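J.: Sequential numbering of the sequence shown, starting at 2, is according to the numbering used here. Could you have a look at this structure, given as structure tokens, before my questions?
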Amino acid sequence: MNTKMFEDFHLNEAILRAIRDEGYRQPTDIQGAAIPEILSGKDVMATAQTGTGKTAAFCLPMLHMLHRGKGDAGHGPRALVLTPTRELALQIESSLRAYGRYLPLKTSVVVGGVSITGQIHSLRQKPEIVVATPGRLLDLMRQKQVTLAEIQFLVLDEADRMLDLGFIHDVRSIVSRIPAARQTLLFSATLSPEIAALASDMLKNPVFVATAPPASIAAKIDQKVLFVDQANKGSLLVDILKSSGVQRALVFTRTKHRADRLTRHLSRNGISAGAIHSNKSQNGRQRSLAAFDKGRIMVLVATDIMARGIDVEGISHVINYELPNDAENYVHRIGRTARAGATGIALSFCDASEVEMLKGIERFIRCELPATEEHAFHSTAAASLRNPSPRPAQWRSFGPRGRFGRRSGRV
């Protein structure tokens, strides 16, 4: 368990003041492990989930070292953070702005889906830090609007997701134009052979930092599986969301088409909802995410790839409307609740066609998910396919009724 305080890292007093302004005193595990290594100048490869404080783990030491070396400033940026999506880039920029509010350091965000003109103007202000998505940065490099010749710090955030989205070729092209005499930090939620190969190519004698095994799940997440026929999933979801215990819910589907259909179904039933997936424009995704973050909508329906950039506090429920094909995504999904010491609930709908997926998840997380029959849509047929058949967990009500009402509504 990490017992350090931020003062123990001997960060610039202006940064410590900003940290106190944000209400933080003690670093998270990933921050406690990574920050000293980064401050010592080492390359770092870190595995960390969203919500563990990984953004501050690289932002804080980077700001400290850039300010300490401010006399080295030239004509180009000195730090580059590459991210897979616009949403994540904006979240990182927000963190840099918060922690660097008392420092004379400028940050530019370079992402697709918005006008390039404003980004060119921002780059001409000679920012010390550029936060970028690979495609737009390459466009600006080809137009000779940005030089990477003075980069001292390179951060690859959510490298596994950049791999999933097919950006690694662009990343390699960008990195080939950055000086070899740099410090490189790679953050990834998973450690696959492909990520290990990428790290081998881009990092020099890196320190490996891991705060928890990939299959670990926060103890404060109450997990349950609900066996239900596919035709009744929509009705079950509406009942759960209308119960008094749900404050803010993140709902997962396997496909973009299902996410859109489910969002419309919820809206028809009086539940404010938005969808986020790769077919949505970046502006559309950002609007839905902002509405969810500010509480204007109660439910965000997401697919796995796009949800990896969601960093929203106060999610009371994660609901797997459809189980993920990849068992590891189950861990990523439910990790969006029970953040910052809070508790959370993770509910997984399972129809007959998904029982094998459920078994795969249970093997991966090395435990059996407790099942409950206390809802109006329990599917005996689906439950009977589970082997061994678990004993139903003691039921805790989702709301004052204790049981869900019955309504039709296939989605």
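Ideal Cβ placement from N, Cα and C applies to all residues, glycine included. Computed from a predicted structure; not experimentally measured.
With DSSP run on the structure shown, which of helix, strand or coil describes A383?
T.: Correct three-state label for A383: helix.
J.: Tell me whether D44 is buried or exposed, calling it buried when 16 or more other Cβ atoms sit within 10 Å of its Cβ.
T.: Label assigned to D44: buried.
J.: Say whether the stretch 333-349 touches the stretch 308-324, bearing in mind that this needs 3 or more beta-carbon pairs closer than 8 Å, one atom from each stretch.
T.: Touching, yes.
J.: What span of residues does the alpha helix (DSSP H) with A19 cover, start to end?
T.: Run containing A19: 14-22, per the alpha helix (DSSP H) assignment.
J.: Taking the straight line between their C-alpha atoms, what separation do you get for P215 and G336?
T.: For P215, the pLDDT reaches just 47, beneath the cut-off of 50, and the residue's location in the model is therefore unreliable, although a value from the coordinates is still provided. Distance between the alpha carbons of P215 and G336: 11 Å.
J.: Run through DSSP, which three-state label would A223 get?
T.: Reading off the sequence shown, one finds Asp at residue 223, where the question assumed Ala. Strand.
J.: In angstroms, rounded to a whole number, what distance separates the CA positions of P389 and R143?
T.: Legend: pLDDT at P389 = 46, less than 50; position of this residue unreliable, no value from coordinates given.
J.: Tell me where the alpha helix (DSSP H) around M163 begins and ends.
T.: It spans 160-165 - the alpha helix (DSSP H) in which M163 sits, taken as one unbroken run.
J.: Can you say whether M6 is buried or exposed, counting buried as having 16 or more other CB atoms within 10 angstroms of its CB?
T.: Exposed, by the Cβ-count rule.
J.: Out of G42, T29, A211, L141, state which residue places its alpha-carbon closest to the alpha-carbon of T53.
T.: Closest by alpha carbon: T29.
J.: Between which two residues does the alpha helix (DSSP H) containing F365 stretch?
T.: Where F365 is concerned, the enclosing alpha helix (DSSP H) stretches over 356-366.
J.: Taking the beta strand (DSSP E) that G33 falls in, what are its first and last residues?
T.: Where G33 is concerned, there is no enclosing beta strand (DSSP E), although the alpha helix (DSSP H) it sits in stretches over 30-40.
J.: Under a Cβ-count criterion, where at least 16 other Cβ atoms within 10 Å of its own Cβ denotes burial, should C368 be classed as buried or exposed?
T.: Label assigned to C368: exposed.
J.: Mark D79 as exposed unless 16 or more other C-beta atoms lie within 10 angstroms of its C-beta, in which case mark it buried.
T.: Residue identity differs from the one stated: residue 79 is Arg in this sequence, not Asp. It counts as buried.
J.: Would you decide whether E14 is buried or exposed? Buried here means 16 or more other CB atoms lie within 10 Å of its CB.
T.: Looking at its Cβ environment, which holds fewer than 16 other Cβ atoms inside 10 Å, E14 is exposed.
J.: Taking all protein chains shown into account, do 16 or more other C-beta atoms lie within 10 angstroms of the C-beta of S41, making it buried, or fewer, making it exposed?
T.: S41 is exposed by the Cβ-count criterion.
J.: Measure the beta-carbon distance from I31 to F10 and round it to whole angstroms, keeping in mind my assumption that it falls under 8 Å.
T.: Not confirmed; about 13 Å, so no contact.
J.: Ignoring anything shorter than 4 residues, give me the alpha helix (DSSP H) runs that lie fully in the stretch 110-177, in order along the chain.
T.: As far as the stretch 110-177 is concerned, its whole alpha helix (DSSP H) runs of at least 4 residues are 117-124, 135-143, 160-165, 169-176.
J.: So, is A198 buried or exposed, given that buried needs 16 or more other C-beta atoms within 10 angstroms?
T.: Label assigned to A198: exposed.
J.: Between the alpha carbons of D22 and F154, how many angstroms are there, rounded?
T.: If I take the Cα positions, the gap works out to 26 Å.
J.: Bridge partners for T84 per DSSP, in chain order?
T.: T84 pairs with nothing; no bridge assigned.
J.: According to DSSP, which residues form a beta bridge with F350?
T.: L227, per the DSSP bridge assignment.
J.: What are the uninterrupted segments assigned as beta strand (DSSP E) that are 3 or more residues long and contained completely in the stretch 252-298, given in chain order?
T.: Correct list: 274-277.
J.: Can you check which of these residues, L124, I175, T48, is closest to L83 by C-alpha distance?
T.: Looking at the Cα atoms, I175 is the closest of the given residues.
J.: Decide yes or no for the touch test of the stretch 88-97 against the stretch 57-72: beta carbon pairs closer than 8 Å, at least 3 of them.
T.: Touching, yes.
J.: Whole angstroms are fine: how far does the CA of H76 sit from the CA of F253?
T.: About 45 Å.
J.: Kindly list the residues whose CB is nearer than 7 Å to the CB of Y103, restricted to its own chain and excluding five residues on each side of it in sequence; keep chain order.
T.: These residues qualify, in order along the chain: A15, R18, A19.
J.: Short of 6 Å in beta carbon distance, which residues of its chain neighbour R178, apart from the five on each side in sequence? Order them along the chain.
T.: Excluding residues within five positions, the ones whose Cβ falls inside 6 Å are L149.
J.: Taking all protein chains shown into account, do 16 or more other C-beta atoms lie within 10 angstroms of the C-beta of F209, making it buried, or fewer, making it exposed?
T.: That one is exposed.
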